[in-house]
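FYI, in this note's numbering the residues of the sequence shown are 80 to 530. Where a beta carbon is used, it is the ideal one built from N, C-alpha and C, also for glycine.
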Amino acid sequence: MSHIRLVTEIPGPKSKQMLARRLAAMPAGLAKSTEICIERAEGALVHDVDGNTLIDLAGGIGMLNAGHCPPTVVAAVQKQAEKLIHPCALVATYEPYVRLAEVLNEITPGNFPKKTLLANSGSEAVENAVKMARVFTGRSAVICFEGAYHGRTLLTLSLTSKYGLFKKGFGPYAPEIYRLPAPDMYRRPPGMAENDYILWRIHQLEKAFIAQVDPSAVAAIIIEPVQGEAGFIAMPEAFLRRIRELCDQHGIVMIADEVQSGFGRTGKLFAMEHYQIAPDLICMAKSLAAGMPISAVTGRADIVDASHIGGVGGTYGGSPVACAAALETIEIIRQPAFLARAREIGEIIRRTLQGWMQACDLIGDVRGLGAMMLFELVLNRETKEPAAQETLQVIREAVPRGVVLIRAGLYSNCVRLLPPFAITDEQLHEALSILGEAVRTVNARRAVQCG
Ligand SMILES: Cc1ncc(COP(=O)(O)O)c(C=O)c1O
């Protein structure tokens, strides 16, 4: 049975009208990966304003691990909204904030006393984590990595990589930020063994403490255990372990940005659990509340407590409605069956993508952790020249046939798959088969062009 139901072209007439209104009323700089105009959604299915039904493999860029509108989350939001929408945590105390902090303190990695600050977006979580690290250490420098995406506020944009797409024209950026290369196994120098490459990257990290900034000036090292925007690049364990050691040695705060990799996406609640390394602070957002705007910084109580009274917080941070959504979402995500399903989905996707890679030389790499899977398109497997245009073509082939997609990658040449785990096997296979056809079509077209 097909789950995709197309009654008009995509975009259909009503969608076209809405897109025209968007163009007139909304900023041109607000990008969109598709022309789909969504009216409602449930599970892994979205319904557009023209009555078309599509399968969502973009999952709100990792925000919808628990699916669109999970009924228990919707009910919790409705119930909470009737009782108390938001009194502001800077004015009064309410149970949903307290409870969510307790739950996050319990479920995040690390066997030490923890506390949690709630905010509204991933960027805000990262901003707060850096503030906490600075006030705790009395230092100002922050080390981040090439390929990193930490957000779009001015501090987090300063930490973010990929200049052309995210940063061009918005400077000057915050000072005291040092960006180091992160391991990217696929793009390591030709002929270099994996182990030698990881050791080289570790050496660059150590050398930076001589060449760039003294460790006694460094407040924090911030890292995504699996880089998201950069193209689902899982950090090698030895690299993260060395960061942990250096942080311990020099009194530096280790911040894990799990905004995209958290809440079951990699098959464990947090990606850091794959490495069995506890960061001092962990930043969370996206799938925390199934799409309700809320984020969190959880970590060592002494670090979270370091600020003077009044130094952290904001008007909307940790609203009762968003907290209620988060508590219900965590109930769903914590279930062993949910995480098992995430791993199963990851395996299905991995096997399928590897099959395509055998048949299409346009695919240079298939990678990821758990259900955080992606394929990278290249013009030449030897030179690994990025195929950014072809990646767009794949998306333009697949979306009108009913699949919601988004790109990724430092070179914008990857298609990342972040389906809600509410997706059924049938829906997943249907969506993947359309995407596979799109890849084969673009691959064949290129083969003809190249003679
Ligand atoms: C790893 C990571 N950190 C931070 C952010 C910023 O989150 P937000 O867009 O909610 O500000 C993102 C967003 O994609 C992210 O992937």
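Considering only DSSP beta bridges, list what residue i is partnered with.
i    : result
I300 : I222, M333
F454 : V445, V494
C362 : D336, V376
T132 : R84, H126
H71  : Past the boundaries of the shown model lies residue 71; the chain is included only from 80 to 530, so the question cannot be answered.
A313 : V305
I388 : Bridge partners of I388: none, in fact.
V482 : I134
A198 : S374
P294 : Partner(s): none; P294 has no beta bridge.
P465 : V457
Give a yes or no on whether the C-beta atoms belonging to residue i and residue j are separated by under 7 Å.
i    : j    : result
A299 : A212 : yes
I83  : G481 : yes
A380 : P192 : yes
I428 : M436 : no
G310 : C493 : yes
M351 : A335 : yes
G561 : Q306 : This structure gives no information on residue 561, because the portion of the chain shown stretches from 80 to 530.
R422 : L453 : no
P499 : A137 : no
L109 : V483 : no
L163 : A405 : no
I281 : C223 : no
Y257 : Q283 : no
A375 : T172 : no
K463 : G141 : no
V221 : V209 : yes
V153 : I409 : no
P157 : P399 : In the sequence as displayed, the identity of residue 157 is Gln instead of Pro. No. Outside cutoff.
M371 : G341 : no
G397 : L197 : yes
Y276 : R267 : yes
A368 : A416 : no
P262 : F318 : yes
R321 : I356 : no
N144 : R413 : no
Ordered along the chain, which non-local residues of its own chain (more than five positions away) have a Cβ less than 7 Å from that of residue i?
i    : result
Y490 : P465, A467
P92  : D129
E469 : L441, L456, V521, R525
C439 : V518, R519, N522
E118 : H126, D127, V128
E273 : M264
L432 : V445, M452, F454
E308 : Y228, K241, A487
L458 : E464, A466
D384 : K194
A168 : Y176, G392, G396, G397
Go ahead and pull the three-state DSSP assignment for residue i.
i    : result
K193 : strand
E88  : coil
R258 : strand
H508 : helix
A272 : coil
Q157 : helix
A487 : strand
V177 : helix
V305 : strand
V170 : coil
I409 : helix
I117 : strand
D440 : coil
L284 : helix
M142 : coil
C529 : coil
Q433 : helix
D327 : helix
L234 : helix
D381 : helix
Please work out which residues of its chain come closer than 6 Å, Cβ to Cβ, to residue i, disregarding the five sequence neighbours upstream and downstream, and give them in chain order.
i    : result
L471 : none
S112 : I485
A296 : R218, A220
G201 : G230, V338, A364, S374
A253 : L234, S237
F245 : T239
Relative to ligand 3, is the shortest distance from any of its heavy atoms to the C-beta of residue i smaller than 6 Å?
i    : result
Y257 : The model on display carries ligand 1 but not ligand 3.
Spatial neighbours of residue i within its chain, please: CB distance less than 8 Å, with the 5 preceding and 5 following residues excluded, ordered by chain position.
i    : result
I382 : M211, A212, F215, V332, D359, L360
K347 : H353, L418, G449
E337 : E303, P304, F349, A350, M351, I361, C362, M363
Using 7 Å as the limit for Cβ to Cβ distance, is residue i near chain D?
i    : result
T216 : Absence of chain D from the displayed structure is noted, only one protein chain being present.
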